[in-house]
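Single-structure report; data block below.
There are 2 protein chains.
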Amino acid sequence: MAKPKKTPRPKAITPKGFRDYFGTEVTERKAMLDRIAEVYHLYGFEALETSAVETVEALGKFLPDVDRPNEGVFAWQEEAESDRPGDWVALRYDMTAPLARVAAQYRNDLPAPYRRYAMGPVWRNEKPGPGRFRQFYQCDADTVGAASVAADAEICAMLSDTLEAVGIPRGDYIVRVNNRKVLNGVMEVAGVLDPADPSKFEHERGIVLRAIDKLDKFGEEGVRLLLGKGRMDESGDFTTGAGLSEAQADTVMGFMAARRDTGAETVERLRTLVQGSQTGLDGVAELETIADLLASQGYGPDRIVIDPSVVRGLGYYTGPVFEAELTFEILDEKGRPRQFGSVAGGGRYDDLVRRFTGQEVPATGISIGVDRLLAALRAKGRVGAPAQGPVVVTVMDRDRMGDYMDMVGELRRAGIRAEVYLGNPKNFGNQLKYADKRESPVAIIQGGDEKERGVVQIKDLVLGAKIAENASLEEWKDRPNQYEVPREQMVAKVREILGSSS
Amino acid sequence: MAKPKKTPRPKAITPKGFRDYFGTEVTERKAMLDRIAEVYHLYGFEALETSAVETVEALGKFLPDVDRPNEGVFAWQEEAESDRPGDWVALRYDMTAPLARVAAQYRNDLPAPYRRYAMGPVWRNEKPGPGRFRQFYQCDADTVGAASVAADAEICAMLSDTLEAVGIPRGDYIVRVNNRKVLNGVMEVAGVLDPADPSKFEHERGIVLRAIDKLDKFGEEGVRLLLGKGRMDESGDFTTGAGLSEAQADTVMGFMAARRDTGAETVERLRTLVQGSQTGLDGVAELETIADLLASQGYGPDRIVIDPSVVRGLGYYTGPVFEAELTFEILDEKGRPRQFGSVAGGGRYDDLVRRFTGQEVPATGISIGVDRLLAALRAKGRVGAPAQGPVVVTVMDRDRMGDYMDMVGELRRAGIRAEVYLGNPKNFGNQLKYADKRESPVAIIQGGDEKERGVVQIKDLVLGAKIAENASLEEWKDRPNQYEVPREQMVAKVREILGSSS
Numbered sequence: 001m002a003k004p005k006k007t008p009r010p011k012a013i014t015p016k017g018f019r020d021y022f023g024t025e026v027t028e029r030k031a032m033l034d035r036i037a038e039v040y041h042l043y044g045f046e047a048l049e050t051s052a053v054e055t056v057e058a059l060g061k062f063l064p065d066v067d068r069p070n071e072g073v074f075a076w077q078e079e080a081e082s083d084r085p086g087d088w089v090a091l092r093y094d095m096t097a098p099l100a101r102v103a104a105q106y107r108n109d110l111p112a113p114y115r116r117y118a119m120g121p122v123w124r125n126e127k128p129g130p131g132r133f134r135q136f137y138q139c140d141a142d143t144v145g146a147a148s149v150a151a152d153a154e155i156c157a158m159l160s161d162t163l164e165a166v167g168i169p170r171g172d173y174i175v176r177v178n179n180r181k182v183l184n185g186v187m188e189v190a191g192v193l194d195p196a197d198p199s200k201f202e203h204e205r206g207i208v209l210r211a212i213d214k215l216d217k218f219g220e221e222g223v224r225l226l227l228g229k230g231r232m233d234e235s236g237d238f239t240t241g242a243g244l245s246e247a248q249a250d251t252v253m254g255f256m257a258a259r260r261d262t263g264a265e266t267v268e269r270l271r272t273l274v275q276g277s278q279t280g281l282d283g284v285a286e287l288e289t290i291a292d293l294l295a296s297q298g299y300g301p302d303r304i305v306i307d308p309s310v311v312r313g314l315g316y317y318t319g320p321v322f323e324a325e326l327t328f329e330i331l332d333e334k335g336r337p338r339q340f341g342s343v344a345g346g347g348r349y350d351d352l353v354r355r356f357t358g359q360e361v362p363a364t365g366i367s368i369g370v371d372r373l374l375a376a377l378r379a380k381g382r383v384g385a386p387a388q389g390p391v392v393v394t395v396m397d398r399d400r401m402g403d404y405m406d407m408v409g410e411l412r413r414a415g416i417r418a419e420v421y422l423g424n425p426k427n428f429g430n431q432l433k434y435a436d437k438r439e440s441p442v443a444i445i446q447g448g449d450e451k452e453r454g455v456v457q458i459k460d461l462v463l464g465a466k467i468a469e470n471a472s473l474e475e476w477k478d479r480p481n482q483y484e485v486p487r488e489q490m491v492a493k494v495r496e497i498l499g500s501s502s
Numbered sequence: 001m002a003k004p005k006k007t008p009r010p011k012a013i014t015p016k017g018f019r020d021y022f023g024t025e026v027t028e029r030k031a032m033l034d035r036i037a038e039v040y041h042l043y044g045f046e047a048l049e050t051s052a053v054e055t056v057e058a059l060g061k062f063l064p065d066v067d068r069p070n071e072g073v074f075a076w077q078e079e080a081e082s083d084r085p086g087d088w089v090a091l092r093y094d095m096t097a098p099l100a101r102v103a104a105q106y107r108n109d110l111p112a113p114y115r116r117y118a119m120g121p122v123w124r125n126e127k128p129g130p131g132r133f134r135q136f137y138q139c140d141a142d143t144v145g146a147a148s149v150a151a152d153a154e155i156c157a158m159l160s161d162t163l164e165a166v167g168i169p170r171g172d173y174i175v176r177v178n179n180r181k182v183l184n185g186v187m188e189v190a191g192v193l194d195p196a197d198p199s200k201f202e203h204e205r206g207i208v209l210r211a212i213d214k215l216d217k218f219g220e221e222g223v224r225l226l227l228g229k230g231r232m233d234e235s236g237d238f239t240t241g242a243g244l245s246e247a248q249a250d251t252v253m254g255f256m257a258a259r260r261d262t263g264a265e266t267v268e269r270l271r272t273l274v275q276g277s278q279t280g281l282d283g284v285a286e287l288e289t290i291a292d293l294l295a296s297q298g299y300g301p302d303r304i305v306i307d308p309s310v311v312r313g314l315g316y317y318t319g320p321v322f323e324a325e326l327t328f329e330i331l332d333e334k335g336r337p338r339q340f341g342s343v344a345g346g347g348r349y350d351d352l353v354r355r356f357t358g359q360e361v362p363a364t365g366i367s368i369g370v371d372r373l374l375a376a377l378r379a380k381g382r383v384g385a386p387a388q389g390p391v392v393v394t395v396m397d398r399d400r401m402g403d404y405m406d407m408v409g410e411l412r413r414a415g416i417r418a419e420v421y422l423g424n425p426k427n428f429g430n431q432l433k434y435a436d437k438r439e440s441p442v443a444i445i446q447g448g449d450e451k452e453r454g455v456v457q458i459k460d461l462v463l464g465a466k467i468a469e470n471a472s473l474e475e476w477k478d479r480p481n482q483y484e485v486p487r488e489q490m491v492a493k494v495r496e497i498l499g500s501s502s
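Note that the protein sequences, when read in sequence, are chains A and B.
Numbering-wise (UniProt numbering), the first sequence opens with residue 1 and increments by one.
Numbering-wise (UniProt numbering), the second sequence opens with residue 1 and increments by one.
What follows is the structure, given as structure tokens:
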């Protein structure tokens, strides 16, 4: 007889590019987001939580990265209904596209301006890589319906306050501000933007925008090649350049190198660079206003600076552009020191809802890279202090489970995190191994003999581990790490041990 | 010449069955979940956050509702890779299926037993209805790897503590406990379960399980029809019954009606009912142990009761079953008083990871219906106190934006939620309308004249609204709701007004 065909067992794996978060990985992120939300709330921003799913139509193509393919989302078609095919829907890839939809959908009900924040996962259908996942957190704050650059200045101040609130000390970060309009002015001066015919040189400007976005990656020389004839990469692939003359390229490069010692000097330098372009002069005036508003509130250049070398996102935003960078050094994978780098970015995008309503609605905002900021806090030792595991009440006699549960209940009512061992109690060694895995500071033991005498044994596991480490040293030899106390003194003794070990 | 074809604008709508949550809808839910997480943490449970996406293979068919179609998930196929077709993946439909996958995937690394909690959205591909959405929150706690019913007792105690922690007073809720094994015993006695041949009468038992799950919906009489010949619904559709004789049906119905005044009496009644069935007697002993463990910790029948009429989920769980019900009355849509009903449910399911590993791993847990519990708290006035909007600093002179931002900065540094008006300041009426929409308690006004005199006007908007409501009453007529104070006293005066209005 043929063997019955066996159904293979399902594989217990996370889908490719996704991951699980355990214990403190979850709670530390949550604590950071809570602190960020407090600052946002203080600034008058309101929480918004949209669903993970949007219609593909509403989602549009909002991704800030100009190189990103259009197919960056997880999408599927809804079931057909009797009279029409099902809609295509997708998981949101950022928080901005849902905000645009909300701002259009509820435009008659929302306050104007509308300050909102949003925190949660977003999904990208991209090739996963080391440290690159297809689901990750974003944390955004945006002001919709405020044309004034006071809104941009507020976002910068709030970003500075936020970084300090989560634990990045002043001096360890800097918020840099640039302006797309200034770049447009520079392009006008360089002769690749004609205000009278905006469509002229569109192709060249596209290459210029992509080129300057690569400053971090290719350096000044690489960008110069892309502005000029083009650039061959290591694999031999050639990227056609914008075809700018050396003088034209000088003008563009001069923009990115325009930062001077003070904001006023930088602004003067930029004003010279864009002389003759109204858009450019408008952009410089905006930067000046932002700097003035911030200075009057005490946000000096130790926190927020005008810096034309901020080029990331210039192709996406339409006015001021912000970037928050952490300035301390960490060691990279190879042990070499390097600057931590960017943890947040944003800017003004004045066409947020036009696709939906035809109306131009000004908006400005910021997005914090949650995982990067958390990594920075961990690198600085601001989170990730050894988490206190629960007190473990061991089970010496399985018929007296009620006694052990009473102990654990008493500890919990005293606010002490505690557990009774719920596995098979037969092997006591396993119970201590369990306490070890749970990083328990204290274990409680009560056998029949202790029960009779009305006492419990309390084991200081933190001290025990220290003694084990230093077992050869005389001074540790005779230190007790286990105490016998009357049952009614259990909570007090545990509290004493927890107090001394923390 | 033909007109160029216009691309239609995208519609700004949430996909069908999804919704957006604004402001306090988000923050009140979060506050409730935070309080729940605190209790879970105190009990030694660890946070787990899995990704929203699982392989369809890993997800399996875990939905507790036996009537649910298999196609309840949002699924899509990953892009094919060179050598093989793409995997099918789907959004998680609950928190249990991902836990099963995690328990199998990390079985060598997780502590055993493993207590974990998980909070977050789940997705169901179902026909949306009024108040029924395709994305909603779940909040689960489970203990994996503990065969002892002490784990079940702990879950019940934790559920009781949790309800009180979020604001449901003792007396307004009850946790009911039942046991699937007792039902199996009853079915053995009724002659529809043969321990020697478990596959016999499988079809009949399926109908019995579905029938008793309908007790809430069809009442005793309806269930009796389903246990017997069958039941015709109002539309004329006929559901075939289990074909039990009247005596057999009596036994099953007797199980559900076995609750007596005290737990001990209920247990005795059940013991009589399942006499002759070892499984049934085991189940009764489990209920007795749970009741004893809980009683010794002070969880009496005012909080947790043995109640065989809890039938929901009996078809899904394998041992103890729990349900938390709110016992106070609310008014339904038609203004009639009715009991609030169930807000949480759970139980023991001892085959959690067997599909993955072939090993039997015992598990027990609870799932809180987040939206229902939040609705209950709102009905009891425990959340949803009028949220304090921000203080609004109005803009009388757009050239002095710096002054207004200074004011707002000062208020925020004092911990007072505040905003400067960022819209077009031309129409002052719009600024006050904005403050109204933001539910602002206070507006600050400083025109050129006030600036010169070094003062600000502070408008008490809460008092102003009261005066407007009572304008005809003499006593309100002369009450000032606007104060002029020196600029440097602004924060103190705002604080005074906020103190008196809250």
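Glycine is no exception: its CB is placed at the ideal position from the N, C-alpha and C atoms.
Quick one: give me the first and last residue of the beta strand (DSSP E) that residue i is part of.
i: valine 420 (chain B); result: 418 to 420
i: aspartate 460 (chain A); result: 455 to 460
i: glutamine 77 (chain A); result: 75 to 77
i: leucine 91 (chain A); result: 88 to 91
i: residue 537 (chain B); result: Outside the displayed range of chain B (1 to 502) lies residue 537 (chain B), so it cannot be described from this structure.
i: isoleucine 366 (chain B); result: 363 to 369
i: phenylalanine 238 (chain A); result: 238 to 240
If you reduce the DSSP assignment to three classes, tell me which class residue i lands in.
i: alanine 119 (chain B); result: The sequence shown places methionine at residue 119 (chain B), rather than the alanine named in the question. Strand at methionine 119 (chain B).
i: serine 82 (chain A); result: coil
i: aspartate 142 (chain A); result: strand
i: residue 520 (chain A); result: Since the first residue shown for chain A is 1 and the last is 502, residue 520 (chain A) is missing from the structure and cannot be characterised.
i: residue 591 (chain A); result: Any property of residue 591 (chain A) remains undetermined from this structure, which presents chain A solely from 1 to 502.
i: glycine 315 (chain A); result: coil
i: valine 353 (chain A); result: coil
Does the distance between the C-beta of residue i and the nearest non-hydrogen atom of the ligand SAH fall short of 7 Å?
i: phenylalanine 45 (chain A); result: This structure does not include the ligand SAH; it has no bound ligands of any sort.
Taking residue i as the reference, which of the options has the closest Cα?
i: serine 148 (chain B); options: B:Glu220, B:Leu287 and B:Arg354; result: B:Leu287
i: aspartate 350 (chain A); options: A:Gly241, A:Leu374, A:Arg180 and A:Leu270; result: A:Arg180
i: isoleucine 467 (chain B); options: B:Val455, B:Thr14 and B:Asn481; result: B:Asn481
i: leucine 326 (chain A); options: A:Gly341, A:Thr318 and A:Glu452; result: A:Gly341
i: glutamate 220 (chain B); options: B:Asp250, B:Gln388 and B:Ile497; result: B:Asp250
Where does the unbroken alpha helix (DSSP H) through residue i begin, and where does it stop?
i: serine 160 (chain A); result: 149 to 166
i: residue 522 (chain A); result: Chain A is shown only over 1 to 502; residue 522 (chain A) falls outside these bounds and no answer can be derived.
i: arginine 180 (chain B); result: 180 to 190
i: leucine 110 (chain A); result: Element bounds for leucine 110 (chain A): n/a, residue is neither H nor E.
i: threonine 262 (chain B); result: Looking at the DSSP string, threonine 262 (chain B) is not in any alpha helix (DSSP H), and its letter there is neither H nor E.
Hey, how far is the Cα of residue i from the Cα of residue j?
i: leucine 294 (chain B); j: arginine 176 (chain B); result: 12 Å
i: serine 235 (chain B); j: proline 85 (chain A); result: 30 Å
i: alanine 376 (chain B); j: lysine 459 (chain A); result: 44 Å
i: arginine 401 (chain B); j: threonine 14 (chain A); result: Residue identity check: residue 401 (chain B) is methionine in the sequence provided, not arginine. Rounded to whole angstroms, methionine 401 (chain B) to threonine 14 (chain A) spans 52 Å at the Cα level.
i: isoleucine 444 (chain A); j: tyrosine 21 (chain A); result: 30 Å
i: arginine 9 (chain B); j: tryptophan 76 (chain A); result: 21 Å
i: tyrosine 106 (chain A); j: proline 98 (chain A); result: 12 Å
Short of 6 Å in beta carbon distance, which residues of its chain neighbour residue i, apart from the five on each side in sequence? Order them along the chain.
i: glutamine 431 (chain A); result: Thr394 and Tyr421
i: arginine 338 (chain A); result: Asp332
Apart from the five residues just before and just after residue i, which ones in its own chain have a Cβ nearer than 8 Å to its Cβ?
i: valine 39 (chain B); result: Met158, Asp161, Thr162 and Ala165
Which chain C residues sit within Cβ distance under 9 Å of residue i?
i: glycine 280 (chain A); result: Among the protein chains of the structure shown, namely A and B, there is no chain C.
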